[in-house]
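*Asks:* Just so you know, we're using the numbering used here here: the sequence shown kicks off at 37 and counts up by one.
Note that CB positions come from ideal geometry on N, CA and C, so glycine has one too.
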Amino acid sequence: MLFGNRMRTLSLLVCNSCLCRKVLTMVRFLTMDSANKQRYEEAVGTLNTLQTNASVLQQAKKIRVGQLNTNVEDTRKYLLRTGISQQMLDSSLSAIHVAGTKGKGSTCAFTESILRKHGHRTGFYSSPHLIAVRERIRIDGKPLSMQKFTQYFWEVYNSLAAQKEHEHDMPPYFKFMTVMALNVFIKEKVDVAVIEVGIGGELDCTNVLRNPVVVGITSLGLDHTSLLGNTVELIAWQKAGILKPKVPAFTVENQPGDSLNVIRQRAEAIGCPLLMAPNFEEYKWPDGKKPILGLDSQVQTLNASIAIQLAHAWMNANNNQTSEKSVTHEIPQSTVKGLEQVKWPGRAQIINFSPQLKIFMDGAHTTDSIKNCLSWFKQASNRGSTKRVLLFNSTGERDPTNLLRPLYDAQLFSKVIFCPNIASSCTADQSNFMVTADQQLKRTAAHLAAWKAIENEPTSCSVHTFPYVSDALNFVKELSAVEEMQVLVTGSLHLVGCVLGLLDISEEDAEDS
């Protein structure tokens, strides 16, 4: 009996000891997680001090298109200060470089997904981010962890800060992120890095890539006209600046104006073999079944086709197969999986927030992309008696009237909401020092005035403005408590990011919504 009691006591002690170890492990994990988050937020706060893009762009507006700019040379200088010479970049990083006005981010996402499904270790650099700046640099499809982002950030930042030649000798935000991304991809030993151009191509700091394996140019249109030129032909010249001698490039036939001829002329002058991505219907799919794309929009077939060519051109080069001028038509199952399982938040994305509230989001910000967004929304939403609401904002020098007219002409919305890209509880990741809050509120007023000017006569559509995205969302939630609502959020990727952040939907949650 005594022996039995001692055994029970010993068992309790062992159980309590195990429980204590589990509790201590949990406490250490939470403490470490909290410390990692704090260090990450400190890194993001320091990164935000480099947000001088507005002044850089303002200065760049004075430069005539085609004139020499030090952007690429400066990027090369800062890379060298982190220990990466141009020669090291050329020899150590196998890259795919993508420019375009519309769909370049989606094309990169498709490309990365295809390559990953084929078993390759991928890096992916894109902009802007929606919720967390970590999204801009991805390894194997996942944003850098807080810990790795913090580690690489301080490695790069401290190296650059230690070698400053004068007080202001630090790269601005996007250039810093480019330098950091290239450091990450080389040190993480990725098989392939998919690099999205920031603005333009010729003068973009990502054009420090001298010998990518393959290049893509997606659909063109009018955007960033003060910097790139006010015609699609001038913009095409800038985008084609990423073409390289003997490096195959892919684009699509359906380009506006004479822009395709401009791309062809530059390709010929540079000595770049330019190829056309086939129509989506021309591919030979496994079992004859065309895939259902992970990005639900008809326009995405163009982006998917370019992505197929980019991914297979890289794989062919990596395996020393076929000539550089080949176009892929036979599609293997791994490529289909990449197309179907791609995730790219904020583009043709649907969130079932509640039984009464469905939110449709697309960061369309040009007239053509707004029209494509509308086509997707009409097809994806349920008309019936459900009320539709538009939540809109646009940024920069984009003409509000041109963007809003297709949305007005559609006559879909019972309510229209304008607000700036300011969340009342905006995180450091989403801080934007490029414009003041007052400037953003003035932009909201301009949207309201443009909408009123488009209206020929009074309609049943009511128009509302709010100073914060959170106020706009609360208004919509209150409406949905009474009747079913479908909300289209568009005009700005930054607006979409604010909505996602306020809904507290992580990238993983969004994939399952």
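Considering only DSSP beta bridges, list what residue 426 is partnered with.
*Replies:* Answer is 452 and 524, bridged to residue 426.
*Asks:* Report the CB separation of residue 334 from residue 411 in whole angstroms; it is logged as a contact under 8 Å.
*Replies:* Right, their Cβ atoms sit about 7 Å apart.
*Asks:* Report yes if the C-beta distance between residue 255 and residue 311 is below 9 Å; otherwise report no.
*Replies:* Not a contact, by the Cβ cut-off of 9 Å.
*Asks:* According to the neighbour-count rule (16 or more other Cβ atoms, all chains shown, within 10 Å of its Cβ), is residue 111 buried or exposed?
*Replies:* Buried, because 16 or more other Cβ atoms sit within 10 Å of the Cβ of residue 111.
*Asks:* What's the call for residue 323, buried or exposed, on a 16-neighbour Cβ count within 10 Å?
*Replies:* Flag for residue 323 reads exposed.
*Asks:* Starting from the C-beta of residue 533, find all residues in its chain whose C-beta is less than 6 Å away, skip the five residues before and the five after it, and write them out in chain order.
*Replies:* Here the set comprises 166 and 167.
*Asks:* Count the other CB atoms within 10 Å of the CB of residue 394; is the residue buried (16 or more) or exposed (fewer)?
*Replies:* Flag for residue 394 reads buried.
*Asks:* Below 8 Å, can you find three or more Cβ-Cβ pairs linking the segment 481-496 to the segment 438-451?
*Replies:* Yes: the two stretches touch, three or more of their Cβ pairs being nearer than 8 Å.
*Asks:* Give every residue of the same chain whose Cβ lies closer than 8 Å to the Cβ of residue 507, excluding the five residues on either side of it in the sequence, and list them in chain order.
*Replies:* Taken in chain order, the residues that qualify are 455 and 460.
*Asks:* Please classify residue 155 as buried or exposed, where buried requires at least 16 neighbouring CB atoms within 10 angstroms.
*Replies:* With fewer than 16 Cβ atoms within 10 Å of its Cβ, residue 155 is classed as exposed.
*Asks:* Three or more C-beta pairs under 8 Å: does that hold for the segment 129-147 against the segment 185-193?
*Replies:* Cβ pair count under 8 Å is below three, so no.
*Asks:* Which same chain residues, not among the five before or five after residue 389, have their C-beta less than 7 Å away from its C-beta?
*Replies:* Within the same chain, residue 389 has close Cβ partners 395 and 539.
*Asks:* For the candidate residues 263, 428 and 526, whose alpha-carbon lies nearest to that of residue 502?
*Replies:* It is 428.
*Asks:* Compare the beta carbon distance of residue 134 and residue 240 with 9 Å and say whether it is the shorter of the two.
*Replies:* Contact: no.
*Asks:* Quick one: give me the first and last residue of the beta strand (DSSP E) that residue 174 is part of.
*Replies:* That run of the beta strand (DSSP E) goes 173-175.
*Asks:* So what does residue 385 bridge to, in DSSP terms?
*Replies:* According to DSSP, residue 385 bridges with 397.
*Asks:* Is it buried or exposed for residue 535, if we count other Cβ within 10 angstroms and need 16 for buried?
*Replies:* Classification of residue 535: buried, given that the 10 Å Cβ count is 16 or more.
*Asks:* Using the beta-carbon count (16 or more within 10 Å), is residue 253 buried or exposed?
*Replies:* Per the 10 Å Cβ criterion, buried.
*Asks:* Considering only residues of the same chain and omitting the five flanking positions on each side of residue 194, which have a CB-CB separation below 8 Å?
*Replies:* Answer for residue 194: no residue qualifies.
*Asks:* Using the C-alpha atoms, what's the distance from residue 163 back to residue 121?
*Replies:* Rounded to the nearest angstrom, the two C-alpha atoms are 24 Å apart.
*Asks:* Closest to residue 425 by C-alpha separation, out of 271, 453, 404 and 405, would be which residue?
*Replies:* Looking at the Cα atoms, 453 is the closest of the given residues.
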